[in-house]
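Here the structure is laid out as structure tokens; the discussion comes afterwards.
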Amino acid sequence: MPEVTALTEDERDCYQEITNVAMGQAADRLARLLGVYVVLPIPNVNIIERSEFKMTIKSLEDAPSVSAVCQGFIGAGVAGEALLIFNDASFKDISQLLKYSQTQTQEEELEMLMDVANVLNGACIQGIGKQLDINFSQSHPVILGRHRPINELLDEKHATWQRTMAIEINYTIEDHNINCDLLLLFTEESVHHMNRLISFLLED
Amino acid sequence: MTTKVLICDDSNMARKQMSRALPDNWPTDVTFAKNGQEAIDIIKAGGQELMFLDLTMPVLDGYQTLEAIRKDDLPIMVIVVSGDIQPEARERVKKLGAIEFIKKPVDQSKISSVLSEYGMIGGDDA
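Quick mapping for you: the protein sequence lines, in order, are chains B and U. Reminder that position 199 of the first sequence reads as 198 in the numbering used here, one-by-one numbering, no gaps. Reminder that position 31 of the second sequence reads as 1035 in the numbering used here, one-by-one numbering, no gaps.
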């Protein structure tokens, strides 16, 4: 199979628009859960090499410490991972919105992280699947790390892939100090398959 | 009578999807804009009657575009078409003067029912 080294401008535009719709659905779920307005960004879509991985997370690079949850997904011909990375500074505001006590335990914080990950990852993955007519199954979310510098968390030595399509969505919440990054990483084989699927959407 | 329609979205695919979703038998003259600033410039040049406006865009986003239209009292009807389906988004754009909010991905029947509701197409076209 030939390597996927870059996307055409039309392909990138198409993935961006599909993501735009899916992240809107995810934001709606989160907005209802927390009773807030979620500010939607323009998603970044790129084919990246393993060595470029850390550079994709621009919006959180200044965060002193982060916590992350990852969750695999797989459907017909397409597989990948959703990585939700929280700026640790967000926890205080999230716990207020979810009406947890001021001094939260480690367990409560973990529960919060999992709750938000379930809502955001799930809605986003299913939203993309629906538009591509793929029924994705999701694995259980797994904690990738907590309260660590982002550089440590995303150590490329642990990555099993060489090249991936990365979709980055930076969610912020209006009037609150909450900032998280949802990264969707698709395997190279998946990108071949998805490029065929979207070619129908791109026809004139 | 031909209606002058402006479609404003940063995505090329979304612009195409939107123009394809217009009723088949509705005579239109469609112009495209890639962001809010382009749209404002086109509206100021005159002649546009109806705009389909995306929210999340670079340069000038949908909210800012609605504000600019209101500030200069530009004569155009705006229907917002967005993936941002939070109830708050709908409320905000209505407050800023949009006549309707349609969620993405757009479908032809929804567009037709909105257009006939506002008398832009006859009931038979819907």
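We put the CB at the ideal spot given by N, CA and C, even for glycine.
What do you get for B/Ala75, buried or exposed, if any count of 16 or more other CB atoms within 10 angstroms of its CB means buried?
exposed
Option in B/Leu119, B/Thr104, B/Gln70, B/Ile133 with minimal Cα separation from B/Val37: B/Leu119
If you measure from the beta carbon of B/Gly23 to each beta carbon in chain U, is any gap under 8 Å? yes
Using 8 Å as the cut-off, can you tell me whether the stretch 1026 to 1042 of chain U makes contact with the stretch 9 to 18 of chain B, which would need three or more C-beta pairs spanning the two stretches below that distance? no
| request: Using beta-carbon positions only, say whether U/Met1081 and U/Phe1056 come within less than 8 Å of one another. | output: no
Notebook entry, point to check: Within 10 angstroms of its Cβ, does U/Asp1129 collect 16 or more other Cβ (buried), or is it exposed?
Noted result: Bear in mind that the predicted position of U/Asp1129 carries a pLDDT of just 45, short of 50, making it unreliable; the figure below should be weighed with that in mind. So U/Asp1129 counts as exposed.
To the nearest angstrom, report how far apart B/Leu82 and U/Val1034 are at their CA atoms.
-> 41 Å
Quick check on B/Leu183: does DSSP put it in helix, strand or coil?
strand
Checklist entry - Just checking, does the stretch 94 to 107 of chain B make contact with the stretch 58 to 73 of chain B on the three C-beta pairs under 8 Å criterion? => result Counting C-beta pairs closer than 8 Å gives fewer than three between the stretch 94 to 107 of chain B and the stretch 58 to 73 of chain B, which falls short of the contact rule.
Going by C-alpha distance, which of B/Glu10, B/Glu107, B/Asp154, B/Ile46 is nearest B/Lys53?
-> B/Asp154
Would you call the CB atoms of U/Ala1102 and U/Val1084 closer than 8 Å? yes
Worksheet item: Is U/Ala1025 close to chain B, meaning its C-beta is less than 8 Å from at least one C-beta of that chain?
Response: no
C-beta atoms of B/Leu59 and B/Ile41 nearer than 8 Å: no
Which residues, in chain order, does the stretch 1086 to 1103 of chain U contribute to contact with chain B at a C-beta distance below 9 Å?
Ser1086, Gly1087, Asp1088, Ile1089, Gln1090, Pro1091, Glu1092, Ala1093, Arg1096
Review point. Using 8 Å as the Cβ pair cut-off and three pairs as the minimum, do the stretch 192 to 201 of chain B and the stretch 1005 to 1012 of chain U touch?
Key: no
| request: Consult DSSP for B/Asn66 and reduce its assignment to one of helix, strand or coil. | output: The residue asked about is misnamed: residue 66 of chain B is Ser in this sequence, not Asn. B/Ser66: strand per DSSP, three-state reduction.
* To do: Counting only runs of 4+ residues fully inside the stretch 1059 to 1089 of chain U, write out the alpha helix (DSSP H) ranges in chain order.
  => The alpha helix (DSSP H) runs lying completely inside the stretch 1059 to 1089 of chain U and spanning 4 residues or more are 1066 to 1075, given in chain order.
Original post:
Got a sec, what are the start and stop residues for the beta strand (DSSP E) B/Asn134 sits in?
Top reply: Careful: B/Asn134 lies outside any beta strand (DSSP E) and carries neither H nor E.
task: Grab me the residues of U/Val1063's own chain with a C-beta within less than 6 Å of its C-beta, minus the 5 sequence neighbours each way, in chain order.
output: Asn1039, Gln1041
query = By how many angstroms is the C-alpha of B/Ala165 removed from the C-alpha of B/Arg11?
reply = Taking the straight line joining both Cα atoms gives about 11 Å.
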